[in-house]
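**Student:** The structure follows.
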Amino acid sequence: MASGTRLPSGARNGRRDVLGIVVRAALPLVAVAAALFIGALMLAVLNADPVRAYQALFEGAFGSTSGITQTLVKATPLLLVGLGICIAFRASVINIGAEGQIILGAVFATWFALTFRTWPGWLLIPSTISIGFVAGAFWGFVPGILKARMGVNEILTTVMMNAIALQFMNYMIRGPLIDPAGVTAGQYLAQSEKLPESVWLARLVPQTLLHTGLFVALALAVVTYVFLWRTTIGYRIRAVGLNPDASHYAGIRVPRYQALSLTLAGGLAGVAGAIEVIGVQHRLLDGVTSGYGFSGIVTALFGGLHPLGTIPASVIFGGLLVGADKMQREVQVPSSLIQAILGLIVLFVVASQYWARRRSNRTHDVSATPASALGAEEAEA
Amino acid sequence: MNEAVLATVVAVLAASLRLATPYLYASLGEMFAQRSGVLNLGVDGIMLVGAFAAFYGTLTTGSVWIGVAGAIVAGLAMGLLMSVVSVTLKAEQGISGIGLSLFGLGLSSLLFKVLVGTVKTVDGFRPIRLPVLGDIPYLGETFFTQSLPVYVAFLLVPISWYVLERTTWGLKVRAVGQNPAAADTLGVNVTLTRYLCVCLGAVFAGLAGASLSIASVNLFQENLTAGAGYIAVALVYFGGWRPVGILMGALLFGTVTAIQLRMQVLGIEIPSDFAVMLPYVLTIVALTFSANRARQPAALNQPFERGGA
Amino acid sequence: MKIRKLLLAVTALSLIVAACSTPAASAPASVAPGSASPAASNAPESAAPSAAELFRVAVLMPSSTTDLAFSQSMYQALVAMQEKAGGEANFEIKFTENMFSVPDAQAAIRDYASQGFDLVVAHGSQYGAGVEEIAKDFPEVSFAWGTDVNTFGLPNVYAYTAAAEQGGYVNGVLAASLTKSRTIGVTGPVEVGDAKTYISGFSQGVAAVDPAITISKTWTGSFSDVAAMTEAAKAHITAGADVLTGSSQSVVGSIGAAKEAGNVLWFGTQADQASLAPNLIVASQVYDWTVILEDMIPKIQSGTLGGETYTLELSNGGLKIAFNPGYTLAAEAKAAAEKAIADITSGAVKVNP
């Protein structure tokens, strides 16, 4: 696949470069710390105590049962979306359409669960999740096939389809799927009927939102890894991303595999939507995506575009989001300050990779890797 | 009856020019950035910061030109930040853009909350009727009775084309976007060129925000753009990285939006959600069936490292 | 390897957490309900008067406290209650705004409840599922949820809503009396909730005066897209409307368009929007949540934590029609409006949501 000799990362004259690993692990932390420092300045300007704020940040994410479970609740959809992004990016396809794909999965999962509400749970739950996958996959398939057959750029189609999906959800929520109880009461709330209890995902810890969807996500992470590195199709997807020209000459139909990767990415995002609905809210509500379509992209890239790396990345990023909310509650600063700090964190962490790349470039052969959307660093298996 | 139809057409076309304006600014700017090889997904955040700066400048001084200056400075600052992260530090451009967008959204909302506090209107740019052209029946009302930011946006199309295709600097930009290594050996400063393009793009995005906050809606509210920046980025792809194509895209999008609103006003029986969907659907359809298959700049989204990779 | 790097990052992060956590702060968030033991970070209040004197309220809102609409109305009402109670020493308010993610909201509700607040106000219909689940775990905390009429049969949940259609009707009567072009435009966000009921009432009010008046409605498909609202308003104006109304925080865009046109009148809802365009805003339906809070809070303080539904109506003063003093209202129009108010209050006229 990649041309040129490449030593395993961190190897130098056969020894593991321990210092290198430590430096690369510490870099994101240093970056986060730098961003938090600037955030502290902003907090101080607003007369909020930065120490108390950041204590709340960490405590909110990892310092209590409710914090950890909430982190995992958020990590679940982040992981699922991130897995899809991994597959797409590996084929050099940029999937910005996860927001819309989540929506499609959520809407159709709701419709399905309400339509077949008499089915027993052991049948209803897997089939609902599958419907979510199919709906999201369709929403990824459309940009995929347009790119493959008609050369239409996927950034354009996915951005447009996000907006279309949002309007579609509006239509469904206020129309066919609207909660009949709300209509009778004259309230016309923007929500669907409550889903039958048989389709609810079991809660793992009482008094928290942590649900079995986490296991589904973890399982899919392993499946994705196996798919990408142990199957022919997965190999081809990666080949297409690493070197489209060579793949083409090797007989791999590049557009087909790019379309496939978008479809799978959409399906995984659709699963995220379905699981959010049956695991957390138990009905379809406005705002079901919670921005996961974008934060999932960040998660995947923090995880090195590797399915197993996305697991800790989703936990960390989920923790950051949960901790940030707690921080807002503690020091009562505007939520926009938290948002700005999160943006800075993303910027700083992604910028800090510069020093990681410089280090790894010094310690092993730099291969003339052909153009790909992965950027300067490829993750290894 | 004919009068009413003509009046409607005039109103819809005038609205489509207004609607297209922010997309035009932001897309043209992003075109420069992408032509030099940098993907900037932070356009939405930059638009917001620019919108707030323009609004605040106009609110506090009463002068729209201070507002414009504010938008330019704000855009420049955000552009520099993006350049440092994506060009010098060669970060993954997709994420740095998203991070920048998030930061811009948070910063603009925060500044608004702290410095202004509540929603206020400003006296921004008003529509100007051009002296001779504005008196042409029907056409005059449509095309020649718009606010200054609208005129400037459309003027930027031929100007951008000229700069990109007919100047030396434009040639450098295109070279850097196609093959930065070759451009580098020919003595072109790749880093500087990319900085200039990203910052130019960011300044345009700031002006796009200003065209909203001190011309079109004449106020600022948190998340004023509501994702328009991402649409603007998408339109760059629609337009094949060419000013004329981008103009077509912005006009298509603006016109269909104006039409769907007018359809709702006229009470045409279609669920409002499907009407709102129309501009997005038709943009996809239009690109699918047009012959426009421009290839993207070969070095797009790839940081440049002298000496390999 | 990236995985290793991130695993190390997680380990390091948890070490930092362990180092930074003070003993009180690392107690589990689901503290025994009713105990007035806030986390160490609530330091300022711990020296304060006893729990009986200090009333602590936490409020969650889906948009900004400065949105000049739904969220601002509740926030302002709570601040007003705080002033009446004598200030922060007697009435504490903690708020979380822009909370549009439902799982995050649930975490916030649970967190506030576990911190020993007396009342947690979940000001957004999407928070209902969370309130239903969490209220069971904190029987000593009172939860107020809006806008809806469902208390889930729980003894510590209050539900509240606004009969927005009533004020809509009055605005409609006024609008019909004032329009010269006999065309009225409505710029709505999404046809749900109190946007739908307000506009429904508005249409009935217009029809009651003159069914021949044309009402055009546009829906932008978003609660927050201001630019879309501006364009929608301009579309109405160029189609001949000289009176506009609409709902949601994005409606400031419509008001801006009316201002630019110069002679288009505006009717507002949810909050008094007169400050935006002093000459053009005729009247706004104002949600005055203090009417509800003034009944609810004493009940909570005396031990009744829930089980009741409140509705803001014209008859109980929860809905007020705020006439803009900056606009000179013709006498007959005002009289028609006041008659409408009286009719709805007495029940002579029934407005459908």
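Chains as they are written, first to last, in the working numbering: chain A, 1 to 381; chain B, 1001 to 1309; chain C, 2001 to 2353.
C-beta atoms are modelled at their ideal positions from N, C-alpha and C, and glycine is treated no differently.
(1) Around the C-beta of P2062 of chain C, are 16 or more other C-beta atoms found within 10 angstroms, so that it is buried, or is it exposed?
(2) Would you mind reading off the limits of the alpha helix (DSSP H) that contains G1079 of chain B?
(3) Please list the terminal residues of the continuous alpha helix (DSSP H) segment that includes K2094 of chain C.
(4) Do A272 of chain A and G309 of chain A have their beta-carbon atoms positioned less than 9 Å apart in this structure?
(5) List, in chain order, every chain A residue whose beta-carbon is nearer than 7 Å to that of Q2106 of chain C.
(6) Return the CA-CA distance between F1144 of chain B and V2291 of chain C, expressed in angstroms with no decimal places.
(7) Only counting the same chain, and skipping five residues up and downstream in sequence, which positions put a Cβ closer than 6 Å to that of G2185 of chain C?
(8) Write down the C-beta distance between S1101 of chain B and L1041 of chain B rounded to the nearest angstrom, noting that I regard them as a contact closer than 8 Å.
(9) Quick check on A2271 of chain C: does DSSP put it in helix, strand or coil?
(10) Less than 8 Å between the CB atoms is what I'm expecting for T2311 of chain C and Q187 of chain A, so what's the real figure, rounded?
(11) Do G1050 of chain B and A1181 of chain B have their beta-carbon atoms positioned less than 9 Å apart in this structure?
(12) Would you give the residue range spanned by the beta strand (DSSP E) that V2057 of chain C belongs to?
(13) Where does T2218 of chain C fall in DSSP's three states?
(14) I2016 of chain C by DSSP, collapsed to three states: which one?
(15) Quick one: grab the DSSP three-state call for R203 of chain A.
(16) Less than 8 Å between the CB atoms is what I'm expecting for G2172 of chain C and G2201 of chain C, so what's the real figure, rounded?
(17) Any beta-carbon of chain A closer than 9 Å to the one on Q2301 of chain C?
(18) Going straight from the alpha carbon of A2036 of chain C to that of I2321 of chain C, what length do you get?
(19) Measure from the alpha carbon of R1035 of chain B to the alpha carbon of each residue in B:V1188, B:L1148 and B:G1201, then state which is nearest.
(20) Please look up how many angstroms separate the CB atoms of F1238 of chain B and G1249 of chain B, rounded, as I've assumed it's under 8 Å.
(21) List, in chain order, every chain B residue whose beta-carbon is nearer than 7 Å to that of K2259 of chain C.
(22) Using a Cβ cut-off of 7 Å, pull out every chain C residue sitting near V73 of chain A, in sequence order please.
(23) State buried or exposed for W2266 of chain C, treating a residue as buried only when at least 16 other CB atoms are found within 10 Å of its CB.
(24) Closer than 9 Å, CB to CB, is S2250 of chain C near chain B or not?
(25) Under 9 Å, do L264 of chain A and G132 of chain A count as touching if we go by C-beta distance?
(26) Taking only three categories from DSSP, how would you classify F1220 of chain B?
(27) Does DSSP put R230 of chain A in a helix, in a strand, or in coil?
(28) Does V1012 of chain B get closer than 9 Å to chain A when you measure Cβ to Cβ?
(29) What is the DSSP secondary structure of I1270 of chain B, counted as helix, strand or coil?
(30) Check the Cβ-Cβ distances between D245 of chain A and every residue of chain C, and say whether any is below 9 Å.
(31) Less than 7 Å between C-beta atoms, sequence neighbours within five positions excluded: which residues of the same chain meet that for P1297 of chain B?
(32) Less than 9 Å separating the beta-carbons of A2333 of chain C and S66 of chain A?
(33) From what residue to what residue does the alpha helix (DSSP H) around H248 of chain A run?
(34) Listing by chain order, which chain A residues have their CB less than 7 Å from the CB of F2100 of chain C?
(35) List the residues of chain B that L2276 of chain C touches, going by C-beta distances under 7 Å, in chain order.
(36) So, using beta-carbon positions, are G293 of chain A and G175 of chain A closer together than 9 Å?
**Tutor:** Let me lay it out:
(1) Taking the first residue of the third sequence as 1, we reach residue 2062 of chain C at position 62. Answer is buried; the Cβ neighbour count reaches 16.
(2) As a working note, residue 1079 of chain B is residue 79 in the second sequence. Counting along the chain, the alpha helix (DSSP H) containing G1079 of chain B begins and ends at V1064 to S1083.
(3) For the purposes of this step, residue 2094 of chain C is taken as the residue at position 94 of the third sequence. Element bounds for K2094 of chain C: not the alpha helix (DSSP H) but the beta strand (DSSP E), F2091 to T2096.
(4) Here residue 309 of chain A is taken as the residue at index 309 of the first sequence, counted from 1. Here residue 272 of chain A is taken as the residue at index 272 of the first sequence, counted from 1. It is not a contact, given that the beta carbons lie outside the stated cut-off.
(5) Along the third sequence, one-based indexing puts residue 2106 of chain C at 106. Under the 7 Å cutoff, chain A gives L209.
(6) For the purposes of this step, residue 1144 of chain B is taken as the residue at position 144 of the second sequence. For the purposes of this step, residue 2291 of chain C is taken as the residue at position 291 of the third sequence. Spanning the two alpha carbons is a distance of roughly 53 Å.
(7) Residue numbering aside, residue 2185 of chain C sits at position 185 when the third sequence is read from its first letter. S2216, H2236, A2241 and L2244, listed in sequence order.
(8) Position 101 of the second sequence holds residue 1101 of chain B. Position 41 of the second sequence holds residue 1041 of chain B. Beta-carbon to beta-carbon, S1101 of chain B and L1041 of chain B are separated by about 6 Å, close enough to satisfy the 8 Å threshold.
(9) Position 271 of the third sequence holds residue 2271 of chain C. A2271 of chain C falls in the coil class under three-state DSSP.
(10) Residue mapping note: residue 2311 of chain C aligns to position 311 of the third sequence, counting from 1. Residue mapping note: residue 187 of chain A aligns to position 187 of the first sequence, counting from 1. In this structure, T2311 of chain C and Q187 of chain A do not form a Cβ contact; the two beta carbons are roughly 11 Å apart against a cut-off of 8 Å.
(11) Here residue 1181 of chain B is taken as the residue at index 181 of the second sequence, counted from 1. Here residue 1050 of chain B is taken as the residue at index 50 of the second sequence, counted from 1. The answer is no: Cβ separation not under 9 Å.
(12) Numbered from its first residue, the third sequence carries residue 2057 of chain C at position 57. Taken as a continuous stretch (DSSP letters only), the beta strand (DSSP E) holding V2057 of chain C covers F2055 to L2060.
(13) As a working note, residue 2218 of chain C is residue 218 in the third sequence. Here T2218 of chain C sits in strand by DSSP.
(14) One-based indexing of the third sequence puts residue 2016 of chain C at position 16. Note on I2016 of chain C: pLDDT 42, under 50, position unreliable in the model; no value is reported.
(15) Working through the first sequence from its first residue, we reach residue 203 of chain A at position 203. Of the three classes helix, strand and coil, the one that applies to R203 of chain A here is strand, per DSSP.
(16) Taking the first residue of the third sequence as 1, we reach residue 2172 of chain C at position 172. Taking the first residue of the third sequence as 1, we reach residue 2201 of chain C at position 201. Contact holds; Cβ gap of about 7 Å.
(17) Here the question's residue 2301 of chain C lines up with position 301 in the third sequence. No - not a single Cβ of chain A is within 9 Å of the one on Q2301 of chain C.
(18) For this step, residue 2036 of chain C is matched to residue 36 along the third sequence. For this step, residue 2321 of chain C is matched to residue 321 along the third sequence. Confidence is the limiting factor: at A2036 of chain C the pLDDT is only 36, short of 50, which leaves the residue's position unreliable, though a coordinate-based value still follows. Using only the alpha carbons, I get a separation of about 41 Å.
(19) To locate residue 1035 of chain B, count along the second sequence from 1; it is residue 35. Of the listed residues, the one whose Cα sits closest to R1035 of chain B is B:G1201.
(20) Locating residue 1238 of chain B in the second sequence gives position 238, counting from the first residue. Locating residue 1249 of chain B in the second sequence gives position 249, counting from the first residue. The Cβ separation is near 4 Å, so the contact holds.
(21) Counting from one through the third sequence, the residue named residue 2259 of chain C turns up at place 259. In chain order: T1121.
(22) Counted from its first residue, the first sequence places residue 73 of chain A at position 73. Under the 7 Å cutoff, chain C gives P2103.
(23) Mapped onto the third sequence, residue 2266 of chain C falls at position 266. It counts as buried.
(24) For the purposes of this step, residue 2250 of chain C is taken as the residue at position 250 of the third sequence. Yes, because at least one Cβ of chain B sits closer than 9 Å to the Cβ of S2250 of chain C.
(25) On the first sequence, position 264 is the one that residue 264 of chain A refers to. On the first sequence, position 132 is the one that residue 132 of chain A refers to. No, they are not a contact pair.
(26) Counted from its first residue, the second sequence places residue 1220 of chain B at position 220. DSSP places F1220 of chain B in coil when its eight states are reduced to three.
(27) Your numbering for residue 230 of chain A matches position 230 in the first sequence. In this structure, R230 of chain A counts as helix in the three-state DSSP scheme.
(28) Here residue 1012 of chain B refers to the residue found at position 12 of the second sequence. For V1012 of chain B, the answer is no, since every Cβ of chain A falls outside 9 Å of its Cβ.
(29) If you number the second sequence from 1, residue 1270 of chain B lands on position 270. Coil.
(30) Taking the first sequence and counting its residues from 1, the one referred to as residue 245 of chain A is at position 245. No, because no Cβ of chain C sits closer than 9 Å to the Cβ of D245 of chain A.
(31) By one-based count along the second sequence, residue 1297 of chain B stands at place 297. Cβ neighbours of P1297 of chain B beyond the five flanking positions: Q1034, R1035, G1037, G1177, Q1178 and W1241.
(32) Residue mapping note: residue 2333 of chain C aligns to position 333 of the third sequence, counting from 1. Residue mapping note: residue 66 of chain A aligns to position 66 of the first sequence, counting from 1. No.
(33) Along the first sequence, one-based indexing puts residue 248 of chain A at 248. Element bounds for H248 of chain A: P244 to Y249.
(34) Here residue 2100 of chain C corresponds to residue number 100 of the third sequence, with the count starting at 1. By Cβ distance, chain A contributes G287.
(35) Here the question's residue 2276 of chain C lines up with position 276 in the third sequence. The contacting residues are V1119 and T1121.
(36) Residue 293 of chain A sits at position 293 when you count from the first residue of the first sequence. Residue 175 of chain A sits at position 175 when you count from the first residue of the first sequence. Contact flag unset, no.
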